[in-house]
Structures are given as structure tokens and as C-alpha cells.
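Notes for the one structure printed next.
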Amino acid sequence: MLEDHFCASLAALVARGQLKTENKSEMEQTNPFYDFSIIYNKDDKVMRALLNELVELGYKTIAIEQSFDHSKKEPGKRGSEMFPEPHKIEHLRKEFQGKLRILQRLTILYVDVNVSHAMSVSLNLRKFNLIAGQPKTDAALTHCCTTFNGDLVTFDPVAGSRLLVNRKAYQIAVRRGMFFEIKYAPAIADSNNRKDMIKIAQNYCTKGKSKNIIFSSGAVHEFQLRGPYDVANLAFIFGLSEDQGKNAVDRNCRQLFLKAESRRLGKTIMFVRGNGPIVFSDSSEAEDDHEMEDLQTELNETSENNQPNKRLKVH
Numbered sequence: 001m002l003e004d005h006f007c008a009s010l011a012a013l014v015a016r017g018q019l020k021t022e023n024k025s026e027m028e029q030t031n032p033f034y035d036f037s038i039i040y041n042k043d044d045k046v047m048r049a050l051l052n053e054l055v056e057l058g059y060k061t062i063a064i065e066q067s068f069d070h071s072k073k074e075p076g077k078r079g080s081e082m083f084p085e086p087h088k089i090e091h092l093r094k095e096f097q098g099k100l101r102i103l104q105r106l107t108i109l110y111v112d113v114n115v116s117h118a119m120s121v122s123l124n125l126r127k128f129n130l131i132a133g134q135p136k137t138d139a140a141l142t143h144c145c146t147t148f149n150g151d152l153v154t155f156d157p158v159a160g161s162r163l164l165v166n167r168k169a170y171q172i173a174v175r176r177g178m179f180f181e182i183k184y185a186p187a188i189a190d191s192n193n194r195k196d197m198i199k200i201a202q203n204y205c206t207k208g209k210s211k212n213i214i215f216s217s218g219a220v221h222e223f224q225l226r227g228p229y230d231v232a233n234l235a236f237i238f239g240l241s242e243d244q245g246k247n248a249v250d251r252n253c254r255q256l257f258l259k260a261e262s263r264r265l266g267k268t269i270m271f272v273r274g275n276g277p278i279v280f281s282d283s284s285e286a287e288d289d290h291e292m293e294d295l296q297t298e299l300n301e302t303s304e305n306n307q308p309n310k311r312l313k314v315h
């Protein structure tokens, strides 16, 4: 009980600014708005155009996405070399330092549960900030929601809406901290993709009340990007509430990032430093003061009578 009270008080102090945390990994340094699906392009001119447009639209944290099709893996390739290394984007990070926080994401396309073993022994996966699963079968979709050791469930807009999650798998995914992604750029490019995306979003609404949804662009060039407020307004089409639409480009993305960092870094240590006077109090503060005064009076009387102190029981 005392531990719960301390944790609640500590959280309140951090929220009020009386305490601040220091984290050497800078994992807390992300700002809204978020776009976790910017398709990687080898041409730096295309990437710079995308990143400049994101800055103009008001995005602060983005992820450059690359894909790996596990179903087309080479037969003799095993172990940590199964997955590719992240693309070299350090020059882009330096160029947009202070404007964009650029993360790296790997989307794994797969058809069977054998991907789990390959992920467990991979070293390259730890170099990515975000890991997304893109199932290609119903069995893979269920596995992605219930067992997949990643952060995000996404879908193939080209394959259409033939894969729809069921209620039980959706609830398990939410309890595990998984998030579901809806990409809007493919809907801009093709009307059939737009219908499929709306159908998938409505399925999320029906099966899981649209919990843990994030919006991403999946853009391949700057003309497919939209501002964060315009993207949030897509909630009315996808069956989400107004608050859910805002969270899909802000709060949910922040939670997804923190969950991904905890998976990638493992155990971490948080240092809390005082930034002002710290007073722990609750509704029973007045009663506690009276009790302490009574105890002090008893101690004084006992000392004056030269009697040994009795053991005090605090209930």
C-alpha cells in the first residue's frame, strides 16, 4: 500500500515538474507529431524531398521503413544473418538534426511461425527502432497478434482486405501492447486500396473498438503526405472517435515508441533528480499530523517520568 502511494506521488511530482528524469539513451526525446512509415528510397534527392515536406507539415518524429520478405528467404541462410542490416542514413540524421528525429523500422512479411526462431537469434533486428509484422495468411495474422515479438501489426494494401482480425486475437494483441497500423498514402494513389483500407479500419472498430491504432503515411514521395491534423480527421471515415484520431498521430505513437525501446534495450535504469521542494501528501495529511503530535506528546511524558519507552504500534 505504501509502495503504491509512493509511486503515485512520484508520478504526480514528475508531471508537475518538481522532479525530472535523466536518461542517457535519450529515449524520451521524441516530440509529436509522428509518422512511422516513410518508405526508404536509395535516391537521396527523393528522401530529402520527403523529409523536408515532413518538416513543413509539422512532423517531429518519423521512421524510415524497409521491408524483408521472410517467406522468400534463402534456404541456406540461418541465424542472425537472416535479416538485413539497417540502411545507412546517418548523413540524413545529421542534416535534419534538430528538425526531425529519424528512426529506422523493419517490416517483416511472413507466412508461418518459423519467423519467431529467426527473430530470437537475430542480431540485426536489435539495430532497428521499430519492428512491424505484415502477415500474409490467416494463421500468420493470428500469430502476429498473439506471439510475434515485435511492436506493430500492419497489412499489405495491395493484397486487399482478405485478412481480417478476429475479436480474440485483437484483444490479446492489445493486452500485449501491440499496435495496429493504418496507412493512408496507398488510399490516395488507388481507389480500390481506399475501399480496402476503410474495410480494415471498420473491422478494427467492430472487433476491438479501434484500440491501439496509429496512422502512418506509407508515402513513397512528398505528394502523398498530409498534415497531422488532416490525418487525424480520417478518424471519422475509419470509425474512430475524435480523441482516437488525435491519439493515432500523437499519444499512441509515443507509447509504441516507448514499448519498442523497452523491447530493444531490455532492462533499464531510471534516475530521478529533485528539481525543487518535494512534499508527499494525500487526503489523510491532517489526520497523520494529529497522530504524530499525539505520539510526540506520549514520548515527552514518558521521558519526564523516567520510564522506559514502550513499543509503539502504528496501524
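Take the sequence shown: its position 126, counted from the start at 1, is 126 in full-length UniProt numbering, and no numbers get skipped.
Virtual Cβ for every residue (Gly too), placed ideally from N, Cα, C.
From a predicted model like this one, the values you see are computed outputs, not experimental measurements.
Exercise. At which residues does the alpha helix (DSSP H) containing Glu242 begin and terminate?
Worked result: Glu242 to Asn247
Problem set entry | Reduced DSSP category for Glu85 - H, G, I as helix; E, B as strand; rest coil | coil
For this session: Mind reading off the beta-carbon distance from Ala201 to Phe236? Whole number of angstroms is fine, and I expect it under 8 angstroms.
Result: The C-beta distance from Ala201 to Phe236 rounds to 11 angstroms, too long to fall under 8 angstroms, and the pair is not in contact.
Exercise. In terms of alpha-carbon separation, which member of Asp151, Gly208 and Ile198 lies closest to Pro157?
Worked result: Ile198
For this session: Identify the continuous alpha helix (DSSP H) that holds Pro189 and give its terminal residues.
Result: Inspection of the sequence shows that residue 189 is occupied by Ala rather than by Pro. That run of the alpha helix (DSSP H) goes Ala185 to Ala189.
Exercise. Would you call the region 106-122 and the region 50-63 touching, i.e. three or more CB-CB distances under 8 angstroms?
Worked result: no
Problem set entry | Reduced DSSP category for Pro135 - H, G, I as helix; E, B as strand; rest coil | Strand at Pro135.
Exercise. DSSP puts Ser216 in a beta bridge; with which residues?
Worked result: Lys183
Exercise. How would you call residue 317, buried or exposed, if buried means at least 16 neighbouring beta carbons within 10 angstroms?
Worked result: A question about residue 317 goes unanswered here, because the residues of the chain that appear run from 1 up to 315.
Problem set entry | Cα-Cα separation, Leu141 to Asn129 | When the Cα atoms are used, Leu141 and Asn129 turn out to be separated by approximately 22 angstroms.
For this session: Just confirm the distance between the C-beta atoms of Glu181 and Ser37, as a whole number of angstroms; I'd bet it's less than 8 angstroms.
Result: Confirmed, about 7 angstroms.
For this session: Can you tell me which of Asp138, Asn166 and Arg126 puts its alpha carbon nearest to the alpha carbon of Asn149?
Result: Arg126
For this session: Over the uninterrupted alpha helix (DSSP H) stretch that includes Glu222, give me the two end residues.
Result: Element bounds for Glu222: n/a, residue is neither H nor E.
For this session: Measure how close the beta-carbons of Gly208 and Lys259 come, nearest whole angstrom, since I'm counting them as under 8 angstroms.
Result: With a Cβ gap of about 17 angstroms, Gly208 and Lys259 do not count as contacting.
Problem set entry | Sequence-distant residues of its chain with Cβ nearer than 7 angstroms to Asn193 (five each side left out) | So the qualifying residues of the chain are Pro157, Pro186 and Ala187.
For this session: Pull up the distance between the alpha-carbon of Asn52 and that of Ala219, whole angstroms please.
Result: Going by the C-alpha atoms only, they are around 13 angstroms apart.
For this session: Note down the Cα distance separating Lys99 from Arg93, rounded to an integer number of angstroms.
Result: 9 angstroms
Problem set entry | Below-8 angstroms beta-carbon distance, Ile237 vs any chain B residue | Considering every chain present, this structure includes no chain B. It has just one protein chain.
For this session: Using the Cα positions of Asp243 and Phe96, report the straight-line distance between them to the nearest angstrom.
Result: 30 angstroms
For this session: Report the option in Ile172, Asn203, Ala189 and Phe215 whose CA atom is closest to the CA atom of Cys144.
Result: Ile172
For this session: Give the single residue among Met119, Asn124 and Val165 whose Cα lies nearest to the Cα of Asp138.
Result: Val165
Problem set entry | Reduced DSSP secondary structure (H/G/I, E/B, other) of Asp156 | coil
Exercise. How long is the line joining the alpha carbons of Ile39 and Phe179, rounded to whole angstroms?
Worked result: 19 angstroms
For this session: Compare the C-alpha of His221 against each of Tyr34, Asn41 and Pro32 and name the closest.
Result: Asn41
Exercise. Going along the chain, which residues of its own chain have a beta-carbon closer than 8 angstroms to the beta-carbon of Ala169, five neighbours each way excluded?
Worked result: Leu141, Thr142, Cys145 and Thr146
For this session: Determine the direct distance from the alpha carbon of Lys211 to that of Asp250, and round the result to whole angstroms.
Result: 14 angstroms
Exercise. Residues in its own chain within less than 7 angstroms of Gly227 by CB, not counting five upstream and five downstream?
Worked result: Leu57 and Gly58
Exercise. When DSSP labels each residue in this structure, what does Tyr40 get in the three-state scheme?
Worked result: DSSP places Tyr40 outside both helix and strand once states are collapsed to three, so it counts as coil.
Exercise. For Leu123, which three-state DSSP category applies?
Worked result: coil
Exercise. Can you name the start and end residues of the beta strand (DSSP E) that Ser67 belongs to?
Worked result: For Ser67, the enclosing beta strand (DSSP E) begins and ends at Thr61 to Asp69.
Exercise. Below 8 angstroms between beta carbons: does that hold for Lys136 and Ser216?
Worked result: no
Exercise. So what does DSSP say about Asp230, is it helix, strand or coil?
Worked result: helix
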